[in-house]
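Trainee: In my numbering, the protein residues as written are 936 to 1418.
Glycine residues also receive a C-beta, built at the ideal position from the N, C-alpha and C atoms.
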Amino acid sequence: MAAASVVGSKTRELSTTERNWVSLQKTGTGIVVAAFWFARQLSTASVQAAVIELVNQLPYLNSQVRTVDKGGEKKLFFQLRKDLPTLVEEVNPFTEGEGEGVGGEQDEARETWSRIVDLEANRSFPIQSDDFSRVFQVVLYKNLPNNSVLVVLRFQASAFDCPSLEPVVSRFFKTLRQVVEREEQKEKVEDLMRNMTLNDDTVGNFTYHPSMEDMIPKGLGDKNILSKGFEIMSNGLKAQSYRYFAFDSKTVKKEQKTRHIRASLSRESSDRLIQACKSNSTDLYGAFSTAFSKSLADHKRMGKKGEQYSFVVLFDCRSLLSPPQPQSLMGFYNSAMLATTQVSENSKGVTPFWKCAAEVTKHFQAAVKEKKHFKDIKLINSLMVTAMNFPNLTPEGSLRTATYSILHDPAPMNIPKEDSEYLQLKDHVVYISCHGAGPCVAIYVFLEDGALKFTFCYPSPMFSRQHIQAVVDGGMHHLTSSL
936 MAAASVVGSK TRELSTTERN WVSLQKTGTG IVVAAFWFAR QLSTASVQAA
986 VIELVNQLPY LNSQVRTVDK GGEKKLFFQL RKDLPTLVEE VNPFTEGEGE
1036 GVGGEQDEAR ETWSRIVDLE ANRSFPIQSD DFSRVFQVVL YKNLPNNSVL
1086 VVLRFQASAF DCPSLEPVVS RFFKTLRQVV EREEQKEKVE DLMRNMTLND
1136 DTVGNFTYHP SMEDMIPKGL GDKNILSKGF EIMSNGLKAQ SYRYFAFDSK
1186 TVKKEQKTRH IRASLSRESS DRLIQACKSN STDLYGAFST AFSKSLADHK
1236 RMGKKGEQYS FVVLFDCRSL LSPPQPQSLM GFYNSAMLAT TQVSENSKGV
1286 TPFWKCAAEV TKHFQAAVKE KKHFKDIKLI NSLMVTAMNF PNLTPEGSLR
1336 TATYSILHDP APMNIPKEDS EYLQLKDHVV YISCHGAGPC VAIYVFLEDG
1386 ALKFTFCYPS PMFSRQHIQA VVDGGMHHLT SSL
């Protein structure tokens, strides 16, 4: 596919990858949540004023996905809507006992705010009467325990992937702090909301950049149709030997929901891991993949025999497009690449941790050298569409397409420290719901102030929290014990 010159336009047709995400979001899949739990009270007016200022600074947040009928064919476009301001939705928190069944499991120990985030991650974006849906929403939960509040920024994955979230989050904190400071100085923040629409200059100067598929360097986006056919067959045959269901699962008819588990490494441990990767000719992706694959083998007690697992690596292609694009660019610009690894239990295996990690990295580098991150886009989209249209072809009819998926590079998520302290940020989490069609576990990795933080998402009640937690704990153990 020839690379398109970057000529901005007032609307932009969604790519095939982005359309797939839109198709899934009606099931609550592909919902990006960035949730922030504050110890202090925040008024609805202050949050709304901050959102107005945020959208004026980043006007693409007011984009909509619009369905247009062209020649009898439904097409989807991003379109900026000046006349529809982003209104903060205020919601009452759960009453006692509510929300425990968000993922179909009873778990009294989970904090209220975390259960609310799961609820928001599984809630689709409504389609309005004129066939459009927002790509960005803000939800405010007030009067949580100890007078805390929860602010949830919600995005459609068709418009925002993990690497593009940081500029939104960092600016939100700055604008929110500025508004709260004015409020504490007895200024009426309601005055900031007199003009709820985007200003004319902002709208007039804004344009969309082309999609990832339209900026692939010339000659790298096309694959011989015969070669593509053989590869689809090959992937179908290999799927019989890959271990998608590495966990104990339940065959249930109940609707699936995304649940999440978190883990982290300290700044010191993160730095040691980064240095260890350099010393062993690998990278964080190789280390993460090896650690959690070995944890699966431990969990299944594979011994020396080992087992082969399939996984998907998500690779941010913005810097490799023609011309290169900034990480903040709105849209889905991650390429999904299929990979496998053969591992055995750490205590009995014959492949040392760092040797296995180096092999994973080497295979990825070879795939990038062959431009598979561009050449396989159509293949991956074909497999995803097939999974959505024919769920019974996937393992257990579950739409599981891999054992796990993982970001190749940790996404930056640096919240300004002075702003977070002023606003009394207690905790936060970021992830994308994946239960509709995706891996058994989606692993989202963020680098925050030098520390690595992980969010593990899984479909429930298909998989139990107990078993996923065991695999997470095992993977983190492999990471730390390798240092």
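Tell me the residue span of the alpha helix (DSSP H) that contains residue 1212.
Mentor: Start and end: 1202-1214.
Trainee: Which residues does DSSP pair with residue 1251 in a beta bridge?
Mentor: Paired residues: 1269.
Trainee: Just verifying my parser: in three-state terms, what is the DSSP assignment at residue 1260?
Mentor: In this structure, residue 1260 counts as coil in the three-state DSSP scheme.
Trainee: Please tell me whether residue 1366 and residue 968 are closer than 8 Å, where the distance is taken between their beta carbons.
Mentor: Taking 8 Å as the Cβ cut-off, residue 1366 and residue 968 qualify as a contacting pair.
Trainee: Does at least one heavy atom of the ligand MG sit under 7 Å from the Cβ of residue 1407?
Mentor: In terms of ligand content, the structure shown is empty, and the ligand MG therefore cannot be addressed.
Trainee: Nearest to residue 1056 by alpha carbon, out of 1389, 1364, 1385, 1374?
Mentor: The shortest C-alpha separation from residue 1056 is found at 1364.
Trainee: What three-state label does DSSP hand residue 1155 in the structure shown?
Mentor: It is coil, neither helix nor strand.
Trainee: Hey, out of 1195, 1372, 1288, 1397, whose CA is closest to residue 1380's CA?
Mentor: Ranking the options by Cα distance to residue 1380, first place goes to 1195.
Trainee: For the region 1216-1230 against the region 1307-1319, do three or more pairs of beta-carbon atoms, one drawn from each stretch, fall closer than 8 Å, so that the two count as touching?
Mentor: Touching, no, given that fewer than three Cβ pairs across the two stretches are closer than 8 Å.
Trainee: Under the three-state reduction of DSSP, which class applies to residue 1243: helix, strand or coil?
Mentor: Here residue 1243 sits in strand by DSSP.
Trainee: For the alpha helix (DSSP H) that residue 1374 lies in, which residues bound it at each end?
Mentor: Looking at the DSSP string, residue 1374 is not in any alpha helix (DSSP H); the run it does join, the beta strand (DSSP E), is 1373-1383.
Trainee: Mind checking which residues open and close the alpha helix (DSSP H) that includes residue 1308?
Mentor: Where residue 1308 is concerned, the enclosing alpha helix (DSSP H) stretches over 1307-1310.
Trainee: Please give me, in chain order, every unbroken run of the beta strand (DSSP E) with length at least 3 that falls completely inside the region 1052-1133.
Mentor: DSSP runs (the beta strand (DSSP E)) wholly in the region 1052-1133: 1067-1069, 1071-1079, 1083-1091.
Trainee: Take every Cβ of the region 947-954, pair it with every Cβ of the region 1065-1084, and state whether three or more of those distances are shorter than 8 Å.
Mentor: Counting Cβ pairs under 8 Å, fewer than three are found: no touch.
Trainee: Within its chain, find whatever has a CB closer than 6 Å to the CB of residue 1077; leave out the 5 residues flanking it on each side and keep chain order.
Mentor: Contacts found: 1084.
Trainee: Kindly confirm or deny that the region 1196-1206 and the region 1261-1275 touch, where touching means at least three C-beta pairs closer than 8 Å.
Mentor: Output reads no: the region 1261-1275 does not touch the region 1196-1206.
Trainee: With a CB to CB cut of under 6 Å and the five nearest residues on each side skipped, what residues in its chain are close to residue 1346?
Mentor: Excluding positions up to five away in sequence, the list reads 1097, 1098, 1381.
Trainee: Please list the segments of the beta strand (DSSP E) lying wholly inside the region 990-1023, counting only runs of 3 or more residues, in order along the chain.
Mentor: As far as the region 990-1023 is concerned, its whole beta strand (DSSP E) runs of at least 3 residues are 998-1005, 1008-1015.
Trainee: Using C-beta distances below 6 Å, list every residue in its chain close to residue 1086, excluding the 5 sequence neighbours before and after it, in chain order.
Mentor: For residue 1086, where only same-chain residues beyond five positions count, the Cβ hits under 6 Å are 971, 1075.
Trainee: Tell me which same chain residues have a C-beta within less than 7 Å of the C-beta of residue 1014, skipping the five on either side of it?
Mentor: Contacts found: 946, 998, 999, 1001.
Trainee: Looking only at its chain, what residues have a beta carbon closer than 6 Å to the beta carbon of residue 1289, apart from the 5 residues adjacent to it on each side?
Mentor: Correct list, in chain order: 1215.
Trainee: Identify whether residue 1391 lies in helix, strand or coil by the three-state DSSP scheme.
Mentor: In this structure, residue 1391 counts as strand in the three-state DSSP scheme.
Trainee: Do you know offhand how far residue 1391's Cα is from residue 1122's?
Mentor: About 42 Å.
Trainee: What residue from 1348, 1369, 1224, 1372 has the CA that sits closest to residue 1291's CA?
Mentor: Closest by alpha carbon: 1224.
Trainee: What is the DSSP secondary structure of residue 1036, reduced to helix, strand or coil?
Mentor: Here the model assigns residue 1036 a pLDDT of 40, short of 50, so the residue's position is not dependable and the matter cannot be decided.
Trainee: Which whole-angstrom value is the C-beta distance of residue 1368 and residue 966, which I expect to be below 8 Å?
Mentor: Rounded, the Cβ-Cβ distance is 5 Å, consistent with contact.
Trainee: Could you check the C-alpha separation between residue 1296 and residue 980 for me, to the nearest Å?
Mentor: Whole-angstrom Cα-Cα distance: 49 Å.
Trainee: DSSP three-state call for residue 1195: helix, strand or coil?
Mentor: Of the three classes helix, strand and coil, the one that applies to residue 1195 here is strand, per DSSP.
Trainee: For residue 1020, which of 1068, 1100, 1340, 1052 has the nearest alpha-carbon?
Mentor: Among 1068, 1100, 1340, 1052, the Cα nearest to that of residue 1020 is on 1068.
Trainee: So what's residue 1143 in DSSP terms, helix, strand or just coil?
Mentor: Of the three classes helix, strand and coil, the one that applies to residue 1143 here is strand, per DSSP.
Trainee: Assign residue 1399 to one of two classes, buried (16 or more other C-beta atoms within 10 Å of its C-beta) or exposed (fewer than that).
Mentor: Buried, because 16 or more other Cβ atoms sit within 10 Å of the Cβ of residue 1399.
Trainee: If you follow the beta strand (DSSP E) that residue 1398 is part of, which residue opens it and which one closes it?
Mentor: That residue, residue 1398, is in no beta strand (DSSP E); it is neither H nor E in DSSP.
Trainee: Any contact of the region 1137-1147 with the region 1251-1264, i.e. 3+ C-beta pairs under 8 Å?
Mentor: Yes, the region 1137-1147 touches the region 1251-1264.
Trainee: Spatial neighbours of residue 1106 within its chain, please: CB distance less than 7 Å, with the 5 preceding and 5 following residues excluded, ordered by chain position.
Mentor: Same-chain partners within the cutoff: 989, 992, 993.
Trainee: What's the gap between the Cα of residue 983 and the Cα of residue 1111?
Mentor: Between residue 983 and residue 1111, the C-alpha separation is close to 9 Å.
Trainee: Which residues in the same chain as residue 996 place their Cβ atom closer than 8 Å to its Cβ, once the five residues preceding and following it in sequence are excluded?
Mentor: Counting only Cβ-Cβ distances below 8 Å, and skipping sequence neighbours, we find 989, 990, 1021, 1070, 1071, 1103.
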